[in-house]
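These notes are about the structure you will find just below.
The structure is reproduced here in structure tokens:
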């Protein structure tokens with residue numbers, strides 16, 4: 004005789020640390036065999052490890068009177084078992100249209116949104132759903148047909164964030180037998196027999212065919228395979244994250260820069276995983292990213308500098324010298340640096356502007372000509388040569404209160420982070436003469452001993468002038 008389900012589920016809950024003492028567990032209850040079995044088992048476990056159970060039932064608005072009867076049954080059974088119960092009604096067809104997805108996808112999304120809403124409102128800890136071993140087998144086959152990699156073929160996880168699946172190691176037959184032995188009535192959903200969804204076709208046609216002709220234990224076989232793949236997936240992800248940490252040169256909210264030579268030295272398996280990790284960090288998900296996009300990034304990493312790749316989700320990947328740059332949102336501003344000879348006119352194409360530079364004798368200098376876009380400096384104080392450029396590490400500016408790092412100046416002036424890379428500077432080495440449009444340095448100011456005056460004009464250009 005096998006181990007009773009109560010003992011098995013208690014062992015699973017402990018093994019995966021699914022529930023702790025005094026937790027509030029939100030349980031999705033459709034009224035079908037799986038969820039009624041889960042609700043009954045958790046009620047028994049709560050007598051061993053005290054925790055609260057809150058049931059949630061969702062009427063999807065598809066099956067009319069039958070769905071209303073499902074809701075009434077769940078409400079009545081929860082009342083009999085002394086379990087708080089929340090009933091929600093949704094129109095899954097409208098939700099599918101609004102979300103531009105299938106009814107199946109919309110139903111799943113709304114279910115989890117409601118579960119989360121109840122969890123927050125009732126100060127819940129975990130959300131328990133009744134996926135079983137047969138669901139796992141169906142999911143693995145669906146992922147196989149989609150061409151998924153190891154992660155997809157790993158199927159449903161026993162624990163994900165605060166979602167727990169205590170029945171994942173039980174077959175549908177075992178669940179129905181438990182309901183029978185414990186006199187648990189459950190509702191039947193006739194739509195499960197309709198082969199209008201891919202999952203239903205796999206459940207009702209494909210798996211029975213495989214059982215009959217190839218492997219009578221196919222459900223258990225697919226479950227075991229998914230478990231092994233999840234273990235290997237976890238190990239490889241840990242390795243990829245370790246190697247990613249070694250090759251990250253810079254990381255911001257919408258930017259990741261990798262050391263390209265180091266990245267290219269990694270095994271292709273790690274390269275693919277690193278790319279997926281980076282893309283997911285930038286956008287929080289991998290929707291619309293497939294293997295071909297990942298392979299395109301690997302190919303880009305092997306090409307010469309200056310190449311660029313546009314990916315879904317508004318992500319740009321660039322190869323720039325020894326950097327592999329991932330940028331989310333608008334294209335990364337690369338900066339600029341122009342040598343300044345005197346006199347000269349420099350066109351700064353990156354900012355659609357020009358700079359006019361001249362040297363005057365002090366007696367020809369008129370202080371009244373100074374404004375936001377025109378500044379003058381003591382020409383003889385310049386030490387290494389002038390540049391019009393964007394910020395660089397080590398930049399400093401002398402103000403009335405002393406020398407300050409340019410980074411600190413930007414912070415003090417409350418200049419938005421995403422604007423700092425674009426601000427033009429007049430620089431003498433790493434000493435800043437002028438943060439154009441903002442402040443100029445006291446180190447180069449004109450004094451009574453000044454003989455020659457450097458006058459610089461920043462002139463924005465119109466579209467016609469560019």
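Residue numbers (the numbering used here): 4 to 469.
All C-beta atoms, glycine included, are put in the ideal place defined by N, C-alpha and C.
Since this is a predicted model, take the numbers as computed values, not measurements.
Discussion item. Report the CB separation of residue 303 from residue 320 in whole angstroms; it is logged as a contact under 8 Å.
Written reply: Position 300 of the chain shown, counted from the first residue, corresponds to residue 303. Position 317 of the chain shown, counted from the first residue, corresponds to residue 320. With a Cβ gap of about 6 Å, residue 303 and residue 320 count as contacting.
Worksheet item: Hey, out of 391, 412, 437, 409, whose CA is closest to residue 374's CA?
Response: In the chain shown, residue 374 corresponds to position 371, counting from 1. The shortest C-alpha separation from residue 374 is found at 437.
Worksheet entry | Coarse secondary structure for residue 98, derived from DSSP in three states | As a position in the chain shown, residue 98 is number 95, starting the count at 1. Helix.
Worksheet entry | Nonlocal neighbours in the same chain, by C-beta distance under 7 Å from residue 401, ignoring five residues either side | Numbered from its first residue, the chain shown carries residue 401 at position 398. Answer for residue 401: 444, 445, 446, listed in chain order.
Worksheet item: Which value, in whole angstroms, describes the spacing of the CA atoms of residue 301 and residue 292?
Response: Mapped onto the chain shown, residue 301 falls at position 298. Mapped onto the chain shown, residue 292 falls at position 289. Approximately 14 Å, taken between the alpha carbons.
Discussion item. For residue 50 and residue 107, what's the separation of their Cα atoms in angstroms?
Written reply: Numbered from 1 along the chain shown, position 47 holds the residue referred to as residue 50. Numbered from 1 along the chain shown, position 104 holds the residue referred to as residue 107. For residue 50 and residue 107, the distance between alpha carbons rounds to 36 Å.
Discussion item. Which residues does DSSP list as the beta-bridge partners of residue 248?
Written reply: Sequence index remark: in the chain shown, residue 248 carries index 245 (1-based). As computed with DSSP, residue 248 is found in no beta bridge at all.
Practice prompt. Starting from the C-beta of residue 349, find all residues in its chain whose C-beta is less than 7 Å away, skip the five residues before and the five after it, and write them out in chain order.
Written response: Against the chain shown, residue 349 aligns to sequence position 346. Closer than 7 Å at the Cβ level, and outside the excluded window around residue 349, lie 341, 343, 357, 358, 391.
Item to complete: Could you pull out every residue in the same chain whose Cβ sits closer than 6 Å to the Cβ of residue 128, ignoring the five residues on either side in sequence?
Response: Position 125 of the chain shown, counting from 1, holds the residue named residue 128. So the list reads 26, 27, once near-sequence residues are dropped.
Worksheet item: Can at least three beta-carbon pairs, one atom from the region 215-234 and one from the region 139-149, be found at a separation below 8 Å?
Response: yes
Worksheet item: Okay, do the region 243-263 and the region 172-182 touch, 3+ Cβ pairs below 8 Å being the bar?
Response: no
Discussion item. So the candidates are 380, 426, 378, 432; which of them puts its Cα closest to the Cα of residue 387?
Written reply: Numbered from its first residue, the chain shown carries residue 387 at position 384. Residue 387 has its Cα closest to that of 432, out of 380, 426, 378, 432.
Discussion item. For the region 68-80 against the region 207-222, do three or more pairs of beta-carbon atoms, one drawn from each stretch, fall closer than 8 Å, so that the two count as touching?
Written reply: no
Discussion item. By alpha-carbon positions, which one of 58, 381, 351, 73 ends up nearest to residue 361?
Written reply: The residue given as residue 361 occupies position 358 in the chain shown. Put simply, of 58, 381, 351, 73 the residue whose alpha carbon is nearest the alpha carbon of residue 361 is 381.
Discussion item. Please report the distance separating the alpha-carbon of residue 441 from that of residue 255.
Written reply: As a working mapping, residue 441 is identified with position 438 in the chain shown. As a working mapping, residue 255 is identified with position 252 in the chain shown. Each residue's alpha carbon lies about 25 Å from the other.
Worksheet entry | Burial state of residue 458, where buried means 16 or more other Cβ atoms lie within 10 Å | The sequence position of residue 458 within the chain shown is 455, counting from 1. So residue 458 ends up on the buried side.
Item to complete: Compare the Cα-Cα distances from residue 331 to each of 352, 286, 308 and report the closest residue.
Response: The residue labelled residue 331 in the question sits at position 328 within the chain shown. Nearest option by C-alpha distance: 286.
Fill in: Distance, residue 395 Cα to residue 113 Cα
Start at 1 with the first residue of the chain shown, and residue 113 comes out as number 110. Start at 1 with the first residue of the chain shown, and residue 395 comes out as number 392. Each residue's Cα considered, the two are about 49 Å apart.
Worksheet entry | Residue from 354, 352, 434 whose Cα sits closest to the Cα of residue 384 | Taking the first residue of the chain shown as 1, we reach residue 384 at position 381. Among 354, 352, 434, the Cα nearest to that of residue 384 is on 434.
Discussion item. With a threshold of 6 Å on Cβ separation, who are the neighbours of residue 413 within its own chain once the five nearest residues in sequence on each side are excluded?
Written reply: Position 410 of the chain shown, counted from the first residue, corresponds to residue 413. Closer than 6 Å at Cβ, skipping near neighbours: 423.
Worksheet item: To the nearest whole angstrom, what separates the beta carbons of residue 328 and residue 260, a pair I think is in contact under 8 Å?
Response: If you number the chain shown from 1, residue 328 lands on position 325. If you number the chain shown from 1, residue 260 lands on position 257. So it is a contact: roughly 5 Å between Cβ atoms.
Worksheet item: Considering only C-alpha positions, which residue in the set 403, 146, 393, 188 is nearest to residue 430?
Response: If you number the chain shown from 1, residue 430 lands on position 427. Checking every option, the nearest Cα to that of residue 430 belongs to 393.
Worksheet item: Around the Cβ of residue 450, are there at least 16 other Cβ atoms within 10 angstroms (buried) or fewer (exposed)?
Response: Within the chain shown, the letter at position 447 stands for residue 450. Exposed, by the Cβ-count rule.
Practice prompt. Please state if the CB of residue 213 and the CB of residue 122 are separated by a distance shorter than 8 Å.
Written response: Position 119 of the chain shown, counting from 1, holds the residue named residue 122. Position 210 of the chain shown, counting from 1, holds the residue named residue 213. For residue 122 and residue 213, no; Cβs fall outside 8 Å.
Fill in: Which of helix, strand or coil DSSP assigns to residue 4
To locate residue 4, count along the chain shown from 1; it is residue 1. Confidence is the limiting factor: at residue 4 the pLDDT is only 40, short of 50, which leaves the residue's position unreliable and the question unanswerable from this model.
Worksheet item: Expressed to the nearest angstrom, what Euclidean distance is found between the alpha-carbon atoms of residue 464 and residue 448?
Response: Looking up residue 464 in the chain shown gives position 461. Looking up residue 448 in the chain shown gives position 445. The alpha-carbon atoms of residue 464 and residue 448 are separated by roughly 28 Å.
Item to complete: Throw me the rounded Cβ distance for the residue 263 and residue 322 pair, which I believe falls under 8 Å.
Response: Within the chain shown, the letter at position 260 stands for residue 263. Within the chain shown, the letter at position 319 stands for residue 322. The Cβ separation is near 7 Å, so the contact holds.
Discussion item. Check this for me: beta carbons of residue 178 and residue 40, under 8 Å apart or not?
Written reply: Numbered from its first residue, the chain shown carries residue 178 at position 175. Numbered from its first residue, the chain shown carries residue 40 at position 37. Going by C-beta atoms, residue 178 is nearer than 8 Å to residue 40.
Discussion item. By DSSP's criteria, residue 170 is part of a beta bridge. Which residues make up the other side?
Written reply: As a working mapping, residue 170 is identified with position 167 in the chain shown. DSSP lists no partner for residue 170.
Worksheet entry | Sequence-distant residues of the same chain with beta carbon closer than 7 Å to residue 110, five excluded per side | Sequence index remark: in the chain shown, residue 110 carries index 107 (1-based). Within the same chain, residue 110 has close Cβ partners 63, 95.
Worksheet item: In the DSSP assignment, what residue or residues form a beta bridge with residue 382?
Response: Stepping through the chain shown from its first residue, residue 382 is reached at position 379. DSSP lists no partner for residue 382.
Worksheet entry | Completely contained alpha helix (DSSP H) runs for the region 399-451, where each covers 4 or more residues | 409-415, 420-423
Fill in: C-beta atoms of residue 453 and residue 365 nearer than 8 Å
Here residue 453 is taken as the residue at index 450 of the chain shown, counted from 1. Here residue 365 is taken as the residue at index 362 of the chain shown, counted from 1. With contacts defined by Cβ atoms closer than 8 Å, residue 453 and residue 365 form a contacting pair.
Worksheet item: Under a three-way DSSP split, which group does residue 68 fall into?
Response: Position 65 of the chain shown, counted from the first residue, corresponds to residue 68. Three-state DSSP puts residue 68 in a helix.
Fill in: Inter-residue spacing [alpha-carbon to alpha-carbon] between residue 456 and residue 315
Locating residue 456 in the chain shown gives position 453, where the first residue counts as 1. Locating residue 315 in the chain shown gives position 312, where the first residue counts as 1. For residue 456 and residue 315, the distance between alpha carbons rounds to 52 Å.
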